[in-house]
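Comments concern the structure below.
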Amino acid sequence: MRRGTKFAAAGGALVAVVLLASNAPVPTPSERGSAGSSMVPVSLAYFDSCADALTELRAAATAAVGPYGFTDEDTLLGDRAALSADSSARTFADAQNKAGPAPGAHHSTTNNHETGVDEPDLVKTDGRRIVTATAGMLRVVDPVDRRLIGKLDLTGGREELRWAEHPLLLLGDRALVLAEDALGPADGFRSIRRVGATRLLLVDLTGAPRVLGTYRIQGSVVDARLTGGTARVVVRAGTRLDFPLDVEGSDRVRTERNRRVIARAGVEAWLPEYEWTAAGERHTGRVGCDRLSRPKRMTGSSTLTVLSFDLTADRLGDGDPVGVVADADTVYGTATSLYLAGQRPMPMTLASRGRPSPADQVTEIYQFDTGTPGPPRFLAAGSVPGWLINQYALSEWDGHLRVATTTGDLWGEGRTSESAVRVLRREGSALVPTGMVGGLGRGERIYSVRYLGPVAYVVTFRQTDPLYSLDLADPAAPRVTGELKITGYSAYLHPLPDARLLGVGQEANLDGRTEGVQVSLFDVRDPARPTRLDQWHLPRAWSRAEHDPHAFLYWPDTGLLAIPVNDGVRLLRVTGDTISEIGEVTHPAVRQDGGDQSTWSPPVRRSLMIGDVLWTVSEAGLRATDPTTARSLSWIANT
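According to mature numbering (1 follows the signal peptide of the UniProt record, and there is no 0), the stretch in the sequence shown is residues -24 to -1, 1 to 615, in order.
Here it is in structure tokens:
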């Protein structure tokens, strides 16, 4: 273990800092439970110098590399494509007011996980305007006059980015667009090959949309969060090592060849390059060794960089990067904390290329303080057995972090999997176990989780759908209070007033074969007896909301429920204990490029409410609809 006991602020002196001691408390027998192994300590420390960083990174990568590279093939083939408090809520609103005029009509917002923190999405509104980013174009629509008032090409003239995802964040008259890109020698970077990259655009919306500044960095966006006026973007970059792609020779020969590549690599292979522009200026840089920290156990196969941008400014700047030599695929944010979570990497050997053992299934979690503007400050790290389904498996409440995971073999005949909810608390720089309830859904896996203060609901599934209700009020003794077994499953859970819960997922027969989209209305007033009040089912159909909560809209003013089903949107109404159908909204087919005059029907991706009008968004355009009758009011085609 490295020497040192004090955490240095990002950008501080090059001092090795151990952030989690190896003598973390040992879990009690009840905490060990039956759902996987006990907690595994996680360390995070700065490097003493760039030379020290290179030595340790080479050693970690050499130990982890196999005949085919690292476990994550992104390093071999390029980065993966991108794309889960009262005072804090006031802070968020204050930043919005400082950034631009007051919002317009009463409107819905992005279906975010937590209050006081915004998540990027394909459409945003402040009630005065609708801002969309589809088909490579940012468009601004006036919802009163129902007309397009501005647009901006997001592709930089590169047609291959036309159909890439371009989620955005909106704050006053500023939009931050997250896009894919590529960097190479032509861009002035020292890379010897083009690699996946993230491109950010700061757009001014006061008149015709115009770009105030850009930012590009090696890697792909994991996710982003906006708290107050600060956007924090998490980027993952695979280590830039050019392993030979030929397949000649034995596994031992291949591995030795890859190790020689690592031995020749400089520290820059682990330090992402970036550039930013503003007002005709262009600046380049690289994440510094003093901004890079590492866990006690690492493979050196990837780097996470957290960037911070003030959206009230007229430029993005260098992003104040903070780097960790680790991997993560889940970002969870509250108004004051940012959590990065991901599976602990495993070496790429022939044995590990098969099914991982339960001992290999470890999720590492890093907590950062985002309660003030500027770069996040590392707080604590920890780990839990198993893997997360998405950010909804995490929840911070009353000084504790709750984590729901599944462990075991999901594919074998024995189906040894099961799930658990663990409660962690921060002690110094460690996330240590407080309590655990395990044994959920043996032979199944988690399909959805929802925490509501001191209670939680977990859905597991293989053939039937147990909806578990849990009491987490005592963090040292969480417990299951009730269970409801029904056919099918809910892949997304949404709270409704009067202790009701809405589930969106799939109906299934008794053998577990799915039979079409279903919406379930649950009564959870009695923790011991959750019941289903009503169900809406459409055979042979599916919903994008099953895996993308941003596609889900519930409007509490009227009980309206807008859910994408196949290529359209079904409008439902929840009244008391019943679900009723209003109708369907579809978008017109559009002509495809080419000379065959063929057309296609783009799926409706999002729904939002402004005043008493429902707006739906697709790559073809926007439709205004009367939500009480599903009657079309206006169509604005994308041009």
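The beta carbon of each residue, even a glycine, is placed where N, CA and C say it ideally should be.
Small disclaimer: the values here were computed from a predicted structure and weren't measured.
- Taking C-beta atoms under 8 Å as the contact rule, Pro473 and Gly492 fail to qualify, at a distance of about 28 Å.
- Excluding the 5 residues flanking it on each side, Arg438 has same chain C-beta neighbours closer than 8 Å at Arg391, Gly417, Gly419, Glu420, Arg421 and Gly488, in chain order.
- By the criterion of a C-beta distance shorter than 7 Å, Leu590 is surrounded in its chain by Ala538, Ser583, Thr601 and Pro603, once the five residues flanking it on both sides are discounted.
- Burial state of Trp139 is exposed, judged by a 10 Å Cβ sphere holding fewer than 16 other Cβ atoms.
- The beta-carbon distance between Ser466 and Tyr530, rounded to whole angstroms, is 14 Å. This is too long to meet the 8 Å contact definition.
- Around the Cβ of Lys461, a 10 Å sphere holds fewer than 16 other Cβ atoms; the residue is exposed.
- In this structure, the alpha-carbon of Ala36 lies about 54 Å from that of Pro564.
- For Thr306, the enclosing beta strand (DSSP E) covers residues Thr306 to Gly309.
- CA-CA distance, Thr110 to His526, rounds to 15 Å.
- For the pair Val107 and Ala40, the CB atoms are not nearer than the 8 Å cut-off.
- A contact between stretches requires three or more CB pairs, one per stretch, nearer than 8 Å, and the region 399 to 411 meets this requirement with the region 358 to 378.
- According to the DSSP assignment, Arg546 belongs to the beta strand (DSSP E) that extends over Gly544 to Thr551.
- Counting along the chain, the unbroken alpha helix (DSSP H) around Ile238 starts and ends at Asp227 to Arg240.
- Every beta strand (DSSP E) of 3 residues or more that sits fully in the region 96 to 177 is shown, in chain order, as 99 to 101, 106 to 110, 113 to 118, 123 to 129, 144 to 147 and 150 to 159.
- Contact between Ala311 and Ile341 does not hold, since their C-beta atoms are separated by about 18 Å, which reaches or exceeds 8 Å.
- Per DSSP, Thr382 is not a residue of any alpha helix (DSSP H); the beta strand (DSSP E) it occupies stretches across His376 to Thr383.
- With a cut-off of 8 Å on Cβ pairs, the region 87 to 107 is not in contact with the region 545 to 563, counting fewer than three such pairs.
- Judged by pairs of C-beta atoms under 8 Å, the region 176 to 183 does not touch the region 272 to 279, as fewer than three such pairs exist.
- Judged by their CB atoms, Leu202 and Ala241 are not nearer to each other than the 8 Å cut-off.
- Of the residues assessed, Trp576 falls on the exposed side of the cut-off, its CB having fewer than 16 other CB atoms within 10 angstroms.
- Here Leu448 is near Ala432, since their CB atoms are less than 8 Å apart.
- In the three-state DSSP reduction, Trp576 falls in the strand class (E or B).
- Here the C-alpha atom of Val99 lies approximately 17 Å from the C-alpha atom of His523.
- Nearest neighbour of Thr190 by Cα position, chosen from Gly112, Arg230, Ala302 and Arg291, turns out to be Arg291.
- DSSP places Glu595 outside both helix and strand once states are collapsed to three, so it counts as coil.
- Beyond the five residues adjoining it in sequence on each side, Glu372 comes within less than 7 Å, by CB distance, of Thr310 and Ser313 in the same chain, given in chain order.
- Residue pairing for Val589: DSSP places it in a beta bridge opposite Ile586.
- Counting only residues of its own chain and dropping the five nearest sequence neighbours on each side, Ile555 has a CB closer than 8 Å to the CB of Val495, Leu497, Asp510, Gln511, Trp512, Leu537, Leu548 and Arg549.
- Between the alpha carbons of Gly148 and Thr85 lies a gap of roughly 14 Å.
- The alpha-carbon of Thr215 is positioned some 16 Å away from that of Arg273.
- Secondary structure of Tyr530 (DSSP, three-state): strand.
- Membership of Ala484 in any alpha helix (DSSP H) is not indicated; the residue belongs instead to the beta strand (DSSP E) covering Arg476 to Ala484.
- Of all alpha-carbon atoms in Val93, Gln194 and Asp118, the one lying nearest the alpha-carbon of Ala155 is that of Gln194.
- For Glu32, the enclosing alpha helix (DSSP H) covers residues Cys26 to Ala40.
- Annotation: the continuous beta strand (DSSP E) that includes His513 extends over Thr507 to Pro515.
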